[in-house]
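Here is the structure we will look at, set down as C-alpha coordinates.
In the numbering used here, the protein residues as written are 1 to 141.
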(Lines of atoms letter the chains of each structure in order from A and count residues from 1; the text may use other names and numbers.)
(Lines give C-alpha, C1' and ligand atoms only; values in the text may rest on other atoms or scores of the structure.)
Protein backbone atom coordinates (compact mmCIF):
# COMPACT_ATOMS: atom_id res chain seq x y z
CA UNK A 1 0.00 0.00 0.00
CA UNK A 2 2.86 2.43 0.82
CA UNK A 3 4.70 1.60 -2.39
CA UNK A 4 1.55 1.85 -4.52
CA UNK A 5 0.81 5.26 -2.98
CA UNK A 6 4.35 6.50 -3.67
CA UNK A 7 4.32 5.26 -7.27
CA UNK A 8 0.92 6.86 -7.91
CA UNK A 9 2.32 10.20 -6.66
CA UNK A 10 5.43 10.20 -8.87
CA UNK A 11 8.04 8.10 -7.07
CA UNK A 12 10.01 5.58 -9.11
CA UNK A 13 10.94 2.06 -8.00
CA UNK A 14 14.53 1.59 -9.19
CA UNK A 15 14.67 -1.82 -7.50
CA UNK A 16 11.92 -4.24 -6.50
CA UNK A 17 8.46 -2.92 -5.80
CA UNK A 18 6.61 -6.22 -6.18
CA UNK A 19 5.57 -9.18 -4.09
CA UNK A 20 8.33 -11.77 -4.02
CA UNK A 21 8.06 -14.68 -6.47
CA UNK A 22 7.87 -17.04 -3.47
CA UNK A 23 4.44 -15.60 -2.68
CA UNK A 24 2.96 -15.30 0.76
CA UNK A 25 3.72 -12.07 2.56
CA UNK A 26 7.24 -11.78 1.16
CA UNK A 27 8.09 -8.55 -0.62
CA UNK A 28 11.08 -7.71 -2.78
CA UNK A 29 13.63 -5.28 -1.32
CA UNK A 30 12.58 -1.96 -2.82
CA UNK A 31 14.35 1.35 -3.45
CA UNK A 32 12.14 4.34 -4.24
CA UNK A 33 13.45 7.61 -5.69
CA UNK A 34 11.72 10.98 -6.09
CA UNK A 35 9.91 10.47 -2.78
CA UNK A 36 8.09 13.50 -1.34
CA UNK A 37 6.87 14.24 2.21
CA UNK A 38 3.18 13.78 1.25
CA UNK A 39 3.62 10.08 0.46
CA UNK A 40 2.58 7.40 2.98
CA UNK A 41 6.08 5.95 2.93
CA UNK A 42 7.28 9.29 4.34
CA UNK A 43 4.51 9.74 6.94
CA UNK A 44 3.90 6.23 8.28
CA UNK A 45 6.11 3.46 9.60
CA UNK A 46 6.82 1.02 6.78
CA UNK A 47 7.76 -2.38 8.17
CA UNK A 48 9.36 -3.98 5.16
CA UNK A 49 12.45 -3.90 2.97
CA UNK A 50 11.74 -0.43 1.56
CA UNK A 51 14.26 2.41 1.25
CA UNK A 52 12.64 5.71 0.24
CA UNK A 53 15.26 8.18 -1.01
CA UNK A 54 14.73 11.92 -0.56
CA UNK A 55 16.67 14.72 -2.24
CA UNK A 56 17.90 17.60 -0.11
CA UNK A 57 20.36 20.47 -0.41
CA UNK A 58 21.03 21.36 3.21
CA UNK A 59 21.59 19.25 6.30
CA UNK A 60 18.95 21.21 8.24
CA UNK A 61 16.40 20.35 5.55
CA UNK A 62 16.85 16.60 5.92
CA UNK A 63 16.81 16.77 9.75
CA UNK A 64 13.55 18.76 9.64
CA UNK A 65 12.05 16.26 7.19
CA UNK A 66 13.12 13.24 9.24
CA UNK A 67 11.83 14.71 12.50
CA UNK A 68 8.48 15.80 10.99
CA UNK A 69 7.04 12.30 11.39
CA UNK A 70 5.02 11.40 14.49
CA UNK A 71 7.09 8.22 14.75
CA UNK A 72 10.56 7.78 16.15
CA UNK A 73 11.63 4.15 16.30
CA UNK A 74 14.75 4.20 14.13
CA UNK A 75 16.61 6.36 11.64
CA UNK A 76 19.56 5.38 9.48
CA UNK A 77 21.98 7.48 7.49
CA UNK A 78 25.38 7.25 5.85
CA UNK A 79 28.07 9.93 6.11
CA UNK A 80 31.86 10.22 6.03
CA UNK A 81 32.34 13.50 7.88
CA UNK A 82 32.57 12.74 11.62
CA UNK A 83 31.37 16.24 12.55
CA UNK A 84 28.28 15.76 10.40
CA UNK A 85 27.73 12.29 11.89
CA UNK A 86 27.47 13.58 15.47
CA UNK A 87 25.51 16.71 14.50
CA UNK A 88 22.85 14.72 12.68
CA UNK A 89 22.72 11.85 15.19
CA UNK A 90 22.15 14.32 18.03
CA UNK A 91 19.46 16.24 16.13
CA UNK A 92 17.41 13.20 15.06
CA UNK A 93 14.40 12.45 17.29
CA UNK A 94 14.62 8.66 17.16
CA UNK A 95 15.31 6.02 19.80
CA UNK A 96 17.78 4.21 17.54
CA UNK A 97 20.12 5.90 15.06
CA UNK A 98 22.16 3.71 12.73
CA UNK A 99 25.16 5.51 11.26
CA UNK A 100 26.76 3.67 8.35
CA UNK A 101 25.17 0.58 9.95
CA UNK A 102 21.88 -1.19 9.31
CA UNK A 103 21.91 -3.02 12.65
CA UNK A 104 23.17 -0.77 15.45
CA UNK A 105 21.38 -2.71 18.20
CA UNK A 106 22.34 -5.68 20.36
CA UNK A 107 21.21 -7.25 23.63
CA UNK A 108 23.78 -5.07 25.42
CA UNK A 109 22.09 -1.78 24.48
CA UNK A 110 18.58 -0.46 25.16
CA UNK A 111 16.02 -0.82 22.36
CA UNK A 112 13.00 1.44 21.91
CA UNK A 113 11.52 4.38 20.10
CA UNK A 114 10.43 7.94 20.76
CA UNK A 115 7.21 9.83 20.05
CA UNK A 116 4.40 7.53 18.79
CA UNK A 117 6.81 4.61 18.39
CA UNK A 118 6.63 3.49 21.98
CA UNK A 119 7.45 4.32 25.54
CA UNK A 120 10.30 2.90 27.55
CA UNK A 121 13.13 0.62 26.60
CA UNK A 122 13.78 -3.09 26.47
CA UNK A 123 17.17 -4.70 26.81
CA UNK A 124 20.22 -3.72 28.84
CA UNK A 125 20.00 -1.87 32.17
CA UNK A 126 17.28 0.50 30.94
CA UNK A 127 15.08 -2.48 30.03
CA UNK A 128 15.41 -3.94 33.50
CA UNK A 129 14.45 -0.60 35.03
CA UNK A 130 11.10 -0.84 33.21
CA UNK A 131 10.18 -3.71 35.56
CA UNK A 132 11.27 -1.98 38.75
CA UNK A 133 9.61 0.58 40.96
CA UNK A 134 11.80 3.02 42.85
CA UNK A 135 10.90 3.47 46.49
CA UNK A 136 12.34 5.56 49.29
CA UNK A 137 11.78 4.86 52.96
CA UNK A 138 12.80 7.37 55.60
CA UNK A 139 13.18 6.55 59.27
CA UNK A 140 13.92 8.86 62.15
CA UNK A 141 14.90 7.26 65.46
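Ideal placement from N, C-alpha and C gives every residue a C-beta, glycine not left out.
Since the model is a prediction, treat every value here as computed from it, not as a measurement.
Short of 8 Å from the beta carbon of residue 5, and not among the five residues preceding or following it, lie these beta carbons of its own chain, in chain order: 39, 40 and 41.
Nearest to residue 123 by C-alpha distance, out of 134, 109 and 114, is 109. Membership of residue 88 in the alpha helix (DSSP H) is indicated by the continuous run 82 to 91. DSSP places residue 95 outside any alpha helix (DSSP H), giving it a letter other than H or E.
Bounds of the beta strand (DSSP E) holding residue 50 are 50 to 52.
Residue 76 and residue 99 have their C-alpha atoms spaced approximately 6 Å apart. Counting only the Cα atoms, residue 50 lies some 13 Å from residue 20.
Within the same chain, 2 come within 7 Å of residue 46 by CB-CB distance, once the 5 residues on both sides are set aside.
The DSSP-derived three-state label of residue 14 is strand.
Between the C-alpha atoms of residue 23 and residue 29 there is a straight-line separation of about 14 Å. Contact fails between the stretch 125 to 135 and the stretch 84 to 94, because fewer than three Cβ pairs, one in each stretch, are under 8 Å apart.
A straight-line Cα-Cα distance of about 33 Å links residue 80 and residue 18. The residue among 132, 8, 67 and 73 with its C-alpha nearest the C-alpha of residue 113 is 73. Of the candidates 139, 115 and 121, the residue whose Cα lies closest to the Cα of residue 132 is 121.
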